[in-house]
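I have placed the structure first, in the form of structure tokens, so that the comments after it can refer back to it.
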Amino acid sequence: MLKIIKVKNYEEMSKEAAKIIAETVKARPNGVLGLATGSTPIGTYRKLIDMYESGELDFSELTTVNLDEYRGLTGENDQSYYYFMHKNLFDHVNLRKDASFLPDGSKANAQEECKRYEELVKNLGYADLQLLGIGRNGHIGFNEPSDVFEVTTHCVKLTDSTIDANKRFFESESDVPREAYTMGIGTIMHARKILVIASGVDKALAVRDSFFGPVTPKVPASILQFHQDVVVVADEAALSLSN
Ligand code: PGA
3 MLKIIKVKNY EEMSKEAAKI IAETVKARPN GVLGLATGST PIGTYRKLID MYESGELDFS
63 ELTTVNLDEY RGLTGENDQS YYYFMHKNLF DHVNLRKDAS FLPDGSKANA QEECKRYEEL
123 VKNLGYADLQ LLGIGRNGHI GFNEPSDVFE VTTHCVKLTD STIDANKRFF ESESDVPREA
183 YTMGIGTIMH ARKILVIASG VDKALAVRDS FFGPVTPKVP ASILQFHQDV VVVADEAALS
243 LSN
């Protein structure tokens, strides 16, 4: 079932998303939380940190898995998702050091690394809740528009649209990695609950096509219409092209 929660703006989206994540963590304190990077979840992470600081939320028994990582970047690189997650969440809450997982971008053997990560997520029992941003082209994780839904963790070549969207974080466009390791659509769909967050008019087309259009690998997020428990928290601008 797909539920859409319309909120006023980014701040309200962040509050609502953090509330939903907190409910899951409180219900399953030793569960698995699937996390995402990008500018959209930063406010949500800030709210989760506030809840931790006020004593409302405890991360000490939780395990986290992230969707994706750039291939070729080590954790020390300030553009790696490893670095992002530490800076925006992990360093500020009481997660155990060995309880947070991402694909390892420093591993050059793509096949091996993807197999390792898929097995790891599977052995954890997949995510209780997977948080997702949505790309302007409808991608989730780094599952880009394609002719097929890739099922398991795999290595992708990033599209021009994604490289263009991400170049703002790098000194020049040529520094943006061209490949990434990402959970597959199947890995994501195994999550018991999926929480999609979207803010801003830039996402309006992707939100409309993903949740109000046909299910197609040309719009990867559209597959979420087949999931049994999806909540989309989107602001008015992101929903401006949807009814
Ligand atoms: P953004 O990215 O949050 O930086 O817009 C979302 C995504 O591409 O998944």
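When we follow the working numbering, the leftmost residue of the sequence shown carries the number 3, and every step to the right adds one. From the three backbone atoms N, C-alpha and C, an ideal C-beta is built for every residue, glycine too.
With the cut-off set at 9 Å, would you say residue i and residue j are in Cβ contact?
{"i": "Leu-4", "j": "Leu-69", "result": "no"}
{"i": "Phe-213", "j": "Gln-230", "result": "no"}
{"i": "Asp-100", "j": "Thr-26", "result": "no"}
{"i": "Val-234", "j": "Val-209", "result": "yes"}
{"i": "Val-1", "j": "Phe-61", "result": "Lying before the first or after the last residue shown, residue 1 is absent from the chain, which here runs from 3 to 245."}
{"i": "Glu-120", "j": "Thr-154", "result": "yes"}
{"i": "Lys-8", "j": "Ala-236", "result": "yes"}
{"i": "Lys-220", "j": "Asp-149", "result": "yes"}
Between the Cα of residue i and those of the options, spot the shortest distance and give me the residue it belongs to.
{"i": "Phe-86", "options": "Val-203, Thr-65 and Thr-42", "result": "Thr-42"}
{"i": "Glu-58", "options": "Thr-65, Gly-36, Lys-28 and Tyr-84", "result": "Lys-28"}
{"i": "Val-203", "options": "Ala-240, Asp-162 and Gly-188", "result": "Ala-240"}
{"i": "Ser-82", "options": "Lys-89, Tyr-72 and Leu-91", "result": "Tyr-72"}
{"i": "Glu-146", "options": "Ile-51, Tyr-183 and Glu-173", "result": "Tyr-183"}
{"i": "Leu-207", "options": "Glu-175, Lys-169 and Ile-136", "result": "Ile-136"}
{"i": "Glu-63", "options": "Gly-40, Arg-98 and Arg-48", "result": "Arg-98"}
{"i": "Ala-110", "options": "Glu-181, Ser-148 and Ser-201", "result": "Glu-181"}
{"i": "Phe-151", "options": "Met-185, Thr-39 and Gly-40", "result": "Met-185"}
{"i": "Asp-93", "options": "Asn-32, Leu-126 and Arg-48", "result": "Arg-48"}
{"i": "Lys-124", "options": "Lys-17, Lys-205, Thr-46 and Ala-193", "result": "Ala-193"}
{"i": "Lys-205", "options": "Thr-66, Gly-140 and Asn-168", "result": "Gly-140"}
{"i": "Thr-65", "options": "Asn-79, His-88 and Pro-31", "result": "Pro-31"}
{"i": "Leu-126", "options": "Gln-113, Ala-112, Phe-103 and Arg-138", "result": "Phe-103"}
Based on DSSP bridge pairs, tell me the residues matched to residue i.
{"i": "Ala-24", "result": "Paired residues: none, contrary to the question."}
{"i": "Val-234", "result": "Ile-6 and Val-198"}
{"i": "Gly-33", "result": "Gly-33 is not bridged to any residue."}
{"i": "Gln-81", "result": "Its beta-bridge partners do not exist; DSSP assigns none."}
{"i": "Ile-142", "result": "Asn-145"}
{"i": "Ser-102", "result": "Thr-66"}
{"i": "Lys-159", "result": "Glu-181"}
Could you tell me how far apart the beta carbons of residue i and residue j are, in whole angstroms, since I believe they sit closer than 8 Å?
{"i": "Leu-122", "j": "Phe-144", "result": "Incorrect: roughly 17 Å between the Cβ atoms, too far for contact."}
{"i": "Met-53", "j": "Ile-199", "result": "Their Cβ separation, rounded to whole angstroms, is 16 Å, which puts Met-53 and Ile-199 out of contact at 8 Å."}
{"i": "Asn-11", "j": "Ile-44", "result": "At roughly 14 Å, the Cβ-Cβ gap does not stay under 8 Å, so Asn-11 and Ile-44 are not in contact."}
{"i": "Gly-36", "j": "Gly-74", "result": "No, Gly-36 and Gly-74 are not in contact; Cβ-Cβ is about 23 Å, not under 8 Å."}
{"i": "Ile-165", "j": "Val-178", "result": "5 Å"}
{"i": "Leu-50", "j": "Ile-6", "result": "22 Å between Cβ atoms; not a contact."}
(request) Quick one: which unbroken beta strand (DSSP E) runs of 3-plus residues sit fully inside the region 163-230? Chain order, please. (result) Taking only runs of at least 3 residues, the beta strand (DSSP E) segments lying wholly in the region 163-230 are 181-184 and 195-200.
(request) Entirely within the region 44-71 and at least 4 residues each: give me those alpha helix (DSSP H) ranges in chain order. (result) Taking only runs of at least 4 residues, the alpha helix (DSSP H) segments lying wholly in the region 44-71 are 44-55.
(request) Counting only runs of 4+ residues fully inside the region 107-139, write out the alpha helix (DSSP H) ranges in chain order. (result) As far as the region 107-139 is concerned, its whole alpha helix (DSSP H) runs of at least 4 residues are 112-125.
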